[in-house]
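K.L.:
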Amino acid sequence: MKKKPVRFVRRFSSFLKMRPGGFALLSVLMIVSALSVLVMTHTRESLINLRMMRNFSDAKRAHYWAYGAYNLAISILQKDNNNYDGPGDIWYGELPPIPVENAIVSISIEDEKSRFNISYLVNQFGIEDKRRRAMLTRIFDQLGLDEDLIAGMVDWQDKDEIPVSGGAESSYYMSLLPPYQVPNERFKSPGEVLLVKGMGRKEYFLPPSAREVHTEEGFSALRDYITVYGDGRININTAPIIVLMCLSEDMSKSIAEDIVSYREENAFKSIEELKNVESVTDVLYDEIKDLITVKSNVFRVTCTGIINGITETIEAVLFRQSRGVRVVYFARSA
Numbered sequence: 015m016k017k018k019p020v021r022f023v024r025r026f027s028s029f030l031k032m033r034p035g036g037f038a039l040l041s042v043l044m045i046v047s048a049l050s051v052l053v054m055t056h057t058r059e060s061l062i063n064l065r066m067m068r069n070f071s072d073a074k075r076a077h078y079w080a081y082g083a084y085n086l087a088i089s090i091l092q093k094d095n096n097n098y099d100g101p102g103d104i105w106y107g108e109l110p111p112i113p114v115e116n117a118i119v120s121i122s123i124e125d126e127k128s129r130f131n132i133s134y135l136v137n138q139f140g141i142e143d144k145r146r147r148a149m150l151t152r153i154f155d156q157l158g159l160d161e162d163l164i165a166g167m168v169d170w171q172d173k174d175e176i177p178v179s180g181g182a183e184s185s186y187y188m189s190l191l192p193p194y195q196v197p198n199e200r201f202k203s204p205g206e207v208l209l210v211k212g213m214g215r216k217e218y219f220l221p222p223s224a225r226e227v228h229t230e231e232g233f234s235a236l237r238d239y240i241t242v243y244g245d246g247r248i249n250i251n252t253a254p255i256i257v258l259m260c261l262s263e264d265m266s267k268s269i270a271e272d273i274v275s276y277r278e279e280n281a282f283k284s285i286e287e288l289k290n291v292e293s294v295t296d297v298l299y300d301e302i303k304d305l306i307t308v309k310s311n312v313f314r315v316t317c318t319g320i321i322n323g324i325t326e327t328i329e330a331v332l333f334r335q336s337r338g339v340r341v342v343y344f345a346r347s348a
């Protein structure tokens, strides 16, 4: 069995010697084989390049659709000029995806005053606001998060270098690798809390269920309940149950649910109308009236364009003013 390859080589060599054109035939076969490999390689590269060009073109068109949706969102906010913000407004609730030509466009407009403003954990003098801290503590309790994280958020913003219990000041952060300084001023963006001692991506991005924390069902991640924009007042027309509950120790989940049910039928036109909810007592109203509002001037807009599976997204935070809007945050997918 081992001699067969040798015999084949000898016979093939003899064949080439007997035929003058044998070497030419072999050369042609080798050239054809090499050309086939080159053609296949070139074809594969051409297909890859063609696919990349298509993806680039689709991404560009998807971005244009997302940007068009962004301008539409601005127009919607500018045309909403009633005395409240909430149910009944064209932007309120989930807007269904819009099919246009060969693309799908989606627009999401969220009221930033539906969230708790973490920059108000300290007052204008850079001193801890204990009432606001108690409010955020109620949210953290519902989400199953460590209250020491709030201490770190206070130390990050207060003017002194004396850590509160469970918190940390510059001496801690400068000992890290790499080290960084505590700004001792209010948060510039919600994501800045990821720099605070103990605050990780798990605590910020994941809901309690994903962290295997046993709390009420249906709660989202911390990032969906906090903001740094606005004047700190909470819009009772748009705030979710967990944010309404943070307003007072006496604001039970059932009262918060009553508020949500009422506003879906009759949006609050003034904060005084909150007393129309039977379970809201005068005592409770008097306690929280300086923390609430029914109107907003700051919104988070998220617009997406999808073409052939390619997605482009624009996210912005807009302050609505008497003359147009002011952009305070803008980002697009790369």
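Per the numbering used here, the sequence shown starts with residue 15, numbered consecutively.
Ideal placement from N, C-alpha and C gives every residue a C-beta, glycine not left out.
1. Thinking just about the alpha-carbon of each residue, which of S347, Y343 and V312 is nearest to the one in F333?
2. Roughly how many angstroms separate the alpha carbons of I328 and N116, rounded to a whole number?
3. Can you give me the C-alpha to C-alpha distance between K283 and Q156, rounded to a whole angstrom?
4. So if DSSP puts C317 in a beta bridge, which residue, or which two residues, is it bridged to?
5. Tell me whether F70 is buried or exposed, calling it buried when 16 or more other Cβ atoms sit within 10 Å of its Cβ.
6. So what's T241 in DSSP terms, helix, strand or just coil?
7. For I302, count the other beta carbons within 10 Å of its own beta carbon; 16 or more makes it buried, fewer makes it exposed. Which is it?
8. Quickly, what does DSSP pair A345 with across the bridge? List them, please.
9. Just checking my contact of V242 with P197 at CB under 8 Å: how many whole Å lie between their CB atoms?
10. Ordered along the chain, which non-local residues of its own chain (more than five positions away) have a Cβ less than 7 Å from that of A182?
11. Is the beta carbon of D125 sitting closer than 8 Å to the one on I321?
12. Give the list of continuous alpha helix (DSSP H) stretches no shorter than 4 residues that lie fully inside the stretch 141 to 198.
13. Following the continuous beta strand (DSSP E) through V114, name the residue where it begins and the one where it ends.
14. What residues in its chain sit with their C-beta under 8 Å from that of I255, if we drop five residues either side in the sequence?
15. Assign Y194 to one of two classes, buried (16 or more other C-beta atoms within 10 Å of its C-beta) or exposed (fewer than that).
16. Could you name the residues of the same chain whose beta carbon sits closer than 7 Å to that of G246, not counting the 5 residues immediately before and after it, in chain order?
17. How big is the Cα-Cα spacing for T318 and D238?
18. Just to confirm, is the Cβ distance from Y84 to A330 under 8 Å?
19. In the DSSP assignment, what residue or residues form a beta bridge with T307?
20. Could you check where the alpha helix (DSSP H) with L298 kicks off and where it finishes?
21. Which same chain residues end up closer than 6 Å to V353 when comparing Cβ atoms and leaving out the 5 residues on each side of it in sequence?
P.N.:
On the basis of the data shown:
1. The residue with the shortest Cα to Cα distance from F333 is V312.
2. Rounded to whole angstroms, I328 to N116 spans 19 Å at the Cα level.
3. Distance from the CA atom of K283 to the CA atom of Q156, rounded to whole angstroms, is 29 Å.
4. C317 pairs with I121 and I328.
5. Burial call: exposed.
6. Collapsing the DSSP output to three states places T241 in a strand.
7. Around the beta carbon of I302, a 10 Å sphere encloses 16 or more other beta carbons of the protein chains shown; the residue is thus reported as buried.
8. According to DSSP, which records beta bridges pairwise, A345 is partnered with E329.
9. The Cβ separation is near 13 Å, so there is no contact.
10. Cβ contact annotation for A182 (same chain, cutoff 7 Å, sequence separation greater than five): G166, D169 and K211, in chain order.
11. Not closer than 8 Å, so no.
12. Runs of the alpha helix (DSSP H) lying entirely within the stretch 141 to 198 and spanning at least 4 residues, in chain order: 144 to 157, 162 to 171 and 184 to 187.
13. Boundaries of the beta strand (DSSP E) around V114: I112 to V114.
14. Excluding sequence neighbours, I255 sits near K267, A270, E271 and V274.
15. Classification for Y194: exposed.
16. Hits under 7 Å: N131 and Y134.
17. Those two C-alpha atoms are separated by around 19 Å.
18. A330 sits close to Y84, with the two beta carbons spaced by under 8 Å.
19. Residue pairing by DSSP places T307 opposite N249 in a beta bridge.
20. Start and end: D296 to I302.
21. Absent from the model: residue 353. The displayed extent of the chain is 15 to 348, so no value can be given.
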